[in-house]
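*Asks:*
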């Protein structure tokens with residue numbers, strides 16, 4: 001079994017929390033440092049590496065690569081593992097790497113576009129690994145020290161700090177009402193679990209960001225998807241491989257907010273947006289006649305349609321000309337190769 005230098009990180013962090021004056025009321029010195037060390041060590045023991053090879057012809061390979069590496073964390077006694085969905089989307093083969101360097105085959109269970117979560121399950125027993133408990137960001141205040149963990153060949157832990165909790169809109173037609181932002185950043189953040197000081201799972205790593213404060217302060221860090229979003233959908237994910245919220249209109253636009261406007265950066269190949277003649281540089285002014293100035297407004301108007309294939313009318317600025325573009329959305333799930341198991 002390999003040595004575990006991450007234990008020193010945990011011990012050092014606990015000693016700092018216990019001996020140094022707290023800079024925030026949100027991070028009181030631990031009443032029992034030894035209990036905190038045990039809780040964090042137990043939580044980290046459930047962290048695994050996730051290795052994925054995408055299927056031949058997978059469109060996601062263009063942006064995510066065919067070979068992917070990240071992390072996950074065991075959340076069920078039957079080998080159920082939570083990770084970030086983009087690691088295992090369109091997977092041909094999945095393996096998990098345990099703390100003692102065992103490589104175990106796994107199978108896709110679910111991929112949820114709406115939250116970004118992915119579920120996989122080990123096909124062999126993960127002996128000696130206890131599933132982690134699910135915590136809540138509602139018990140977490142900004143300024144609190146938390147632990148991020150990475151599995152696989154680069155297994156490590158890092159103590160970081162929650163700097164913000166706020167809505168997040170992604171350029172890839174993605175929005176969640178609450179995301180967790182931490183700094184300083186960790187390196188291999190994809191699927192990395194985030195734990196509170198009691199060893200409870202708080203979130204799953206999604207992004208590296210140059211400014212987690214969103215105020216042009218250039219504070220680098222990471223965005224984590226909170227497990228609060230998982231709790232109400234976990235049963236549905238295991239039963240159907242997805243959620244009802246994931247089957248919504250998708251246009252194939254990569255967009256950004258520029259000066260109070262939604263500007264198209266890229267259009268996906270063979271997407272409704274490409275078929276409608278949209279391109280990089282276009283500005284989306286309105287959806288179904290309702291003005292939009294932010295990505296969140298854009299997505300909410302788009303997803304207000306009850307069916308994924310509904311007809312959608314966009315008011316678009318193309319160069320100096322304002323046009324009305326009519327598109328028919330598609331269910332994003334139907335455009336991807338479905339991994340075995342889902």
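Residue numbers (the working numbering): 1 to 342.
Note that beta-carbon positions come from the ideal geometry of N, C-alpha and C, so glycine has one too.
In three-state terms, what does DSSP make of residue 44?
*Replies:* Residue 44 falls in the helix class under three-state DSSP.
*Asks:* In the stretch 303-340, which residue ranges form an unbroken beta strand (DSSP E) of at least 3 residues, counting only runs that do not cross its ends?
*Replies:* Listed in chain order, they are 311-318 and 321-328.
*Asks:* Which residue or residues does DSSP assign as beta-bridge partners of residue 172?
*Replies:* Its beta-bridge partners do not exist; DSSP assigns none.
*Asks:* Report, in whole angstroms, the separation of the C-beta atoms of residue 331 and residue 309, which I expect to be a contact under 8 Å.
*Replies:* Indeed, because the Cβ distance is near 7 Å, the residues count as touching under 8 Å.
*Asks:* Need the endpoints of the beta strand (DSSP E) that residue 221 sits in, please.
*Replies:* 221-226 is the extent of the beta strand (DSSP E) around residue 221.
*Asks:* Tell me which residue opens and which closes the alpha helix (DSSP H) that residue 236 is part of.
*Replies:* Residue 236 -> alpha helix (DSSP H) spans 234-240.
*Asks:* Just how far apart, CA to CA, sit residue 325 and residue 272?
*Replies:* Computed Cα separation, rounded: 11 Å.
*Asks:* Does DSSP put residue 27 in a helix, a strand or coil?
*Replies:* Note that residue 27 has pLDDT 48, beneath the 50 cutoff, so the model's placement of it is unreliable and no number is given.
*Asks:* For my contact list, residue 197 and residue 145 are in at a C-beta cut-off of 8 Å; report their separation, rounded to the angstrom.
*Replies:* The Cβ separation is near 7 Å, so the contact holds.
*Asks:* Return the bridge partner residues of residue 156 from the DSSP annotation.
*Replies:* Note: residue 156 sits in a beta bridge opposite 150.
*Asks:* Please specify which runs of the beta strand (DSSP E), each continuous and at least 3 residues long, are wholly inside the stretch 108-145, giving them in chain order.
*Replies:* 117-122, all fully within the stretch 108-145.
*Asks:* Taking only the alpha-carbon atoms, compute the straight-line gap between residue 88 and residue 174 and give it to the nearest angstrom.
*Replies:* Between residue 88 and residue 174, the C-alpha separation is close to 17 Å.
*Asks:* When DSSP labels each residue in this structure, what does residue 204 get in the three-state scheme?
*Replies:* Note: residue 204 maps to strand in three-state DSSP.
*Asks:* Is it right to say residue 277 is buried, meaning 16 or more other beta carbons lie within 10 angstroms of its own, or is it exposed?
*Replies:* With fewer than 16 Cβ atoms within 10 Å of its Cβ, residue 277 is classed as exposed.
*Asks:* Taking a contact to mean a Cβ-Cβ separation below 7 Å, would you say residue 108 touches residue 337 in this structure?
*Replies:* Contact: no.
*Asks:* Quick check on the burial criterion: 16 or more other C-beta atoms within 10 angstroms. Buried or exposed for residue 51?
*Replies:* Residue 51 should be labelled buried.
*Asks:* What are the start and end residues of the beta strand (DSSP E) that includes residue 272?
*Replies:* Per DSSP, residue 272 belongs to no beta strand (DSSP E); it is in the alpha helix (DSSP H), 272-275.
*Asks:* Assuming the contact rule is C-beta atoms closer than 8 Å, residue 90 and residue 105 should be a hit. Round their C-beta distance to whole Å, please.
*Replies:* Actually they are not in contact, since the Cβ atoms of residue 90 and residue 105 sit about 17 Å apart, beyond 8 Å.
*Asks:* Verify whether the separation of the beta carbon atoms of residue 257 and residue 291 is less than 7 Å.
*Replies:* Against a cut-off of 7 Å, the Cβ pair of residue 291 and residue 257 comes out as no contact.
*Asks:* Name the DSSP beta bridge partners of residue 49, please?
*Replies:* Beta-bridge pairing links residue 49 to 71 and 97.
*Asks:* Let me confirm a value: residue 228 is counted as buried when at least 16 other C-beta atoms fall within 10 Å, else exposed. Which label applies?
*Replies:* By the 10 Å Cβ count, residue 228 comes out buried.
*Asks:* Which same chain residues end up closer than 7 Å to residue 136 when comparing Cβ atoms and leaving out the 5 residues on each side of it in sequence?
*Replies:* So the qualifying residues of the chain are 228.
*Asks:* Where does residue 165 sit, in a helix, a strand or coil, going by DSSP?
*Replies:* Looking at residue 165 - three-state DSSP - the assignment turns out to be strand.
*Asks:* Tell me which same chain residues have a C-beta within less than 6 Å of the C-beta of residue 335, skipping the five on either side of it?
*Replies:* Taken in chain order, the list of residues that qualify is empty.
*Asks:* Opposite residue 193 in the DSSP bridges: which residues?
*Replies:* BP columns for residue 193 point to 204.
*Asks:* State the beta-bridge partners of residue 249 as determined by DSSP.
*Replies:* Bridge partners of residue 249: 331.
*Asks:* Closer than 6 Å by C-beta to residue 305: which residues in its own chain qualify, once you throw out the five before and the five after it? Chain order, please.
*Replies:* Excluding sequence neighbours, residue 305 sits near 249.
*Asks:* Give the range of the beta strand (DSSP E) segment to which residue 83 is assigned.
*Replies:* Residue 83 -> beta strand (DSSP E) spans 80-84.
*Asks:* With three or more C-beta pairs closer than 8 Å as the rule, is the stretch 122-131 touching the stretch 41-48?
*Replies:* With the cut-off at 8 Å, the stretch 41-48 and the stretch 122-131 touch.
*Asks:* Can you tell me whether residue 230 is helix, strand or coil according to DSSP?
*Replies:* The answer is coil: DSSP assigns residue 230 none of H, G, I, E or B.
*Asks:* Below 7 Å between beta carbons: does that hold for residue 119 and residue 130?
*Replies:* Contact flag unset, no.
*Asks:* Using 8 Å as the Cβ pair cut-off and three pairs as the minimum, do the stretch 205-224 and the stretch 240-255 touch?
*Replies:* Too few Cβ pairs lie closer than 8 Å, so no.
*Asks:* CB residue 355 to CB residue 168, shorter than 7 Å?
*Replies:* A question about residue 355 goes unanswered here, because the residues of the chain that appear run from 1 up to 342.
*Asks:* For residue 85, collect the residues of the same chain with a Cβ closer than 7 Å to its Cβ; drop the 5 residues on either side in sequence, then sort them by chain order.
*Replies:* Excluding positions up to five away in sequence, the list reads 111, 112, 116, 117 and 118.
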